[in-house]
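For reference, the structure discussed in these notes is given below.
Spelled out as structure tokens, the structure:
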């Protein structure tokens with residue numbers, strides 16, 4: 001990701017004072033910077049109860065054909081802009097949830113508008129290829145100027161997929177094929193007749209009882225293989241058959257980190273030992289360890305670079321693959337393009353999966369041996385979607401042009417400092433504030449979390465939770481200091497309503 | 001699908017004689033009809049060996065970053081049109097493979113071009129929603145005028161997905177949740193503490209050892225759950241852990257069908273008995289039976305309506321769900337909008353999955369009890385892609401406008417008759433010609449299948465196989481009689497090369 005990281009930020013310094021409605025005292029301190037979206041609202045505006053009357057009526061209609069019990073808000077995407085999401089009743093909320101952390105460069109980003117209306121987008125939308133068989137003549141160029149330009153250091157190959165779950169599952173498949181290939185003695189060793197026969201019946205030895213090791217509270221998706229590695233909440237897993245795969249404990253760190261250095265290091269050591277023990281002892285041999293840099297759905301659980309270095313070293317030592325799930329952390333949100341860039345690993349992960357802010361999905365890898373030994377072992381009709389690859393390329397261009405990774409690092413530090421001040425003022429509402437130095441990937445626990453989230457819209461903020469007690473911030477990469485100011489004010493308003 | 005089926009075909013009768021290169025005698029018999037794509041080539045043109053020099057060079061470049069061992073042909077989508085696919089060296093082939101049966105209304109279809117450049121397409125591309133949380137205000141309208149307009153009779157709900165594999169897996173999840181809900185005694189019965197605990201460890205009773213019954217030679221996808229029901233080829237399954245789920249025998253019919261009525265009926269009865277026995281006896285209880293109307297990847301294996309009626313009746317009787325995988329058969333290719341429309345079932349399937357020619361994916365269902373009892377049990381970030389839902393709507397509009405289901409039925413009958421003539425002339429090259437009355441969904445076995453496929457491009461046809469010995473035809477819905485004439489001529493040319 002060298003080219004993106006080298007690009008200097010284009011944060012402008014021209015003074016700008018938000019207009020609109022009356023502002024509290026903190027507003028006077030509001031950082032002066034030029035907005036990426038000059039036409040964005042200067043502040044949220046809320047004119048009805050949320051959901052308002054139009055939203056309610058439209059929801060009832062949608063409910064006839066589509067499950068609306070998870071519905072948060074029917075959205076008017078045409079009038080959403082930058083960091084602001086609009087509902088059907090004309091309310092405009094500062095959006096720090098961003099479609100579950102998946103909008104990277106703002107609603108109705110003008111550069112993406114251009115990409116979306118380009119001739120190559122139109123042809124890719126209407127002539128969807130079976131990518132493994134009939135890629136377009138410019139597929140190599142699209143990959144090299146897009147998805148692969150963002151590839152993590154050391155990983156120069158990609159398998160494209162559709163969303164996080166199948167990105168993870170295809171990575172698991174690659175791991176299993178690689179593991180068995182090593183056991184067989186190399187790519188040239190042929191399958192046995194017994195393997196060929198037994199796999200047709202889902203039985204050993206052709207369908208081996210291998211496993212992926214994941215962590216407690218992890219979230220890696222909801223299809224059958226990925227769900228077997230997901231350990232976030234029972235409601236995600238109940239009633240669905242699962243593979244007998246092992247889970248290790250993810251460290252539970254104490255905050256603030258600087259006051260618990262020794263304890264936290266011990267906790268991480270304990271977890272690493274458990275990983276190594278499971279790899280060595282689990283009855284279904286482990287082909288790969290799967291981990292999120294920051295457990296996101298599971299409650300924003302962090303670990304130190306030392307922990308991940310330890311994982312890399314253990315997996316090397318035990319000859320197990322190391323897969324990093326960057327579906328939620330990837331593409332800039334932690335102040336680095338990839339969250340694992342924070343770790344200084346001794347060698348790159350074997351595979352890194354991506355989706356969400358990439359607006360497409362897949363996994364990166366570097367070792368050619370992770371290409372299965374024969375064609376059609378890792379294959380499907382579409383193998384992703386070139387139109388979404390074009391969007392990702394546009395996102396990368398916009399990140400480079402505006403220096404958005406750097407912006408997120410700087411804004412994140414600014415926001416974190418503001419939250420520290422709030423946590424000192426309202427200690428009863430802030431526990432385990434975390435994400436320092438991790439861009440805007442910030443969270444804290446609060447006893448009245450669900451009430452907090454429910455009140456947020458009334459003060460003009462769209463905000464999400466994670467785990468059972470965390471408020472999680474997932475603003476876009478175009479979230480700036482003046483947005484942070486509004487968010488901090490809004491949080492204080494919510495706290496006063498609790 | 002009433003509205004689509006009612007629409008009368010717009011096949012025009014104006015005379016038209018193909019120009020271009022010298023034509024064989026059959027060309028004189030060529031059906032006179034107005035083409036849907038007036039600018040289509042009148043015949044294939046091949047000016048280099050395939051792959052040609054440009055193709056070879058570009059393939060080598062792509063190989064640096066992307067697995068090209070399954071590559072068939074680098075494609076120039078800009079100059080592909082209608083039924084003709086162009087390669088990088090300017091060769092134009094009549095395409096009866098159509099991106100593994102997934103292009104419905106022709107390359108660069110003008111109506112889809114309009115849809116793809118519409119303002120609502122642009123907003124849906126650049127503001128991708130988390131559909132379960134923040135659907136656009138017009139999502140209900142898009143569903144009702146698109147995906148649900150095509151819904152099979154009796155199924156008025158949809159869960160949207162990304163591709164065939166996850167469409168099938170989310171249908172399986174719905175089946176498992178429904179099965180356990182019935183066992184518990186209804187949607188209002190709460191999970192036990194033991195279930196909540198055990199599922200976090202992938203263990204019983206929270207993660208039950210239930211199964212999906214599928215058929216030998218079936219193909220339902222390549223993710224972990226779908227792959228456990230796929231039984232097409234060992235290479236699809238080797239080294240990947242699989243669930244211990246049962247497979248029943250799919251009927252092996254003898255052709256021509258009219259000469260083997262009694263035997264085939266007995267064969268189907270035998271298979272139905274096996275299904276019933278497996279449902280009653282398999283050690284991992286069966287929650288659903290999954291079946292393709294025509295086994296496609298597995299070799300174009302057909303069964304009669306009586307067989308599928310039998311499956312519907314058995315599943316009703318044994319209280320097991322009946323899921324029909326219309327990923328490859330759906331959207332018109334068999335001369336009905338859905339292949340299961342051929343069956344006259346006593347009651348609709350419980351779920352029908354779709355992808356490929358729909359250019360989006362998901363599953364239809366009718367019973368509200370198939371919505372899980374609580375939200376967030378069937379959920380993921382994107383839950384499909386509205387931009388692809390807009391394309392499907394455009395496809396449905398085009399099918400209606402041109403009467404393409406009817407066209408496919410008529411052209412299919414015409415093509416089948418031509419193939420029957422060829423099979424009488426070249427009996428050594430035609431075994432088990434099948435797909436009569438099934439639109440253009442036609443196949444036959446041939447001893448030199450792989451040679452046949454390899455020679456096809458040299459005579460200007462892009463054609464695919466299925467199973468180990470079948471040539472499978474999967475033209476688009478805009479395939480007309482004059483294309484059928486060219487295809488028949490081309491097949492004869494290939495046979496002369498063998």
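Protein chains in written order, with UniProt numbering: chain A, 1 to 498; chain B, 1 to 498. The beta carbon of each residue, even a glycine, is placed where N, CA and C say it ideally should be.
Cβ closer than 9 Å: which chain A residues qualify as neighbours of residue i?
i: residue 376/B; result: 69, 70, 233, 235, 236
i: residue 281/B; result: Simply none; closest approach about 16 Å.
Counting only beta-carbon separations shorter than 8 Å, does residue i have a partner in chain B?
i: residue 180/A; result: yes
i: residue 402/A; result: no
i: residue 244/A; result: yes
i: residue 478/A; result: no
i: residue 343/A; result: no
i: residue 499/A; result: The structure shown does not extend to residue 499/A, since chain A is modelled only from 1 to 498, so the question has no answer here.
i: residue 137/A; result: yes
i: residue 177/A; result: yes
i: residue 174/A; result: no
i: residue 391/A; result: yes
i: residue 351/A; result: no
i: residue 360/A; result: no
Are any of the Cβ atoms in chain A nearer than 8 Å to that of residue i?
i: residue 21/B; result: For residue 21/B, the pLDDT reaches just 38, beneath the cut-off of 50, and the residue's location in the model is therefore unreliable, although a value from the coordinates is still provided. Chain A contact via Cβ: absent.
i: residue 195/B; result: yes
i: residue 113/B; result: yes
i: residue 132/B; result: yes
i: residue 129/B; result: yes
i: residue 222/B; result: yes
i: residue 163/B; result: yes
i: residue 265/B; result: no
i: residue 324/B; result: no
i: residue 509/B; result: Residue 509/B falls outside the range modelled here, since chain B spans only 1 to 498, and no answer is possible.
Would you mind giving the Cβ-Cβ distance between residue i and residue j, rounded to the nearest angstrom? I have them listed as a contact below 8 Å.
i: residue 75/B; j: residue 135/A; result: 7 Å
i: residue 500/B; j: residue 240/A; result: Residue numbering for chain B in the displayed model covers 1 to 498; residue 500/B lies beyond these limits and cannot be assessed.
i: residue 213/B; j: residue 278/B; result: 6 Å
Assign residue i to buried or exposed, taking buried as 16 or more other Cβ atoms, counted over all protein chains shown, within 10 Å of its Cβ.
i: residue 498/B; result: exposed
i: residue 24/B; result: Residue placement at residue 24/B cannot be trusted, given a pLDDT of 42 that sits under 50; the coordinates are not used to answer.
i: residue 283/A; result: exposed
i: residue 189/B; result: exposed
i: residue 450/B; result: exposed
i: residue 95/B; result: buried
i: residue 55/A; result: buried
i: residue 29/A; result: Any reading at residue 29/A must be qualified, since the residue scores a pLDDT of 44, below 50, and its modelled position is unreliable; the value itself is stated next. Under this definition residue 29/A is an exposed residue.
i: residue 194/B; result: exposed
What are the boundary residues of the beta strand (DSSP E) that includes residue i?
i: residue 95/B; result: 92 to 95
i: residue 213/B; result: 211 to 215
i: residue 325/B; result: 321 to 325
i: residue 444/A; result: 443 to 445
i: residue 159/B; result: 157 to 161
i: residue 433/B; result: 431 to 434
Just the chain B side, please: which residues come within less than 8 Å of residue i by C-beta, in chain order?
i: residue 61/A; result: 140
I'd like the span of the alpha helix (DSSP H) that includes residue i, first residue to last.
i: residue 225/B; result: 224 to 229
i: residue 453/B; result: 449 to 456
i: residue 494/B; result: 481 to 497
i: residue 145/B; result: 139 to 145
i: residue 351/A; result: Taken as a continuous stretch (DSSP letters only), residue 351/A belongs to no alpha helix (DSSP H), being part of the beta strand (DSSP E) at 351 to 354.
Whose Cβ in chain A lies nearer than 7 Å to the Cβ of residue i?
i: residue 209/B; result: 241
i: residue 356/B; result: 381
i: residue 290/B; result: Here the premise fails: no neighbours, minimum Cβ distance about 14 Å.
Find the residues of chain A that neighbour residue i, judging by a C-beta separation of less than 8 Å, and give them in chain order.
i: residue 88/B; result: 137
i: residue 66/B; result: 135, 139, 140, 143, 157, 158
i: residue 100/B; result: 130, 133, 381
i: residue 206/B; result: 234, 237, 238, 239
Taking 7 Å as the cut-off, is the CB of residue i close to at least one heavy atom of the ligand ADP?
i: residue 129/A; result: In the structure shown, the ligand ADP is absent, as is every other ligand, since no ligand is present at all.
For residue i, go through chain B and note every residue whose CB falls closer than 7 Å to its CB, in chain order.
i: residue 225/A; result: 223, 224
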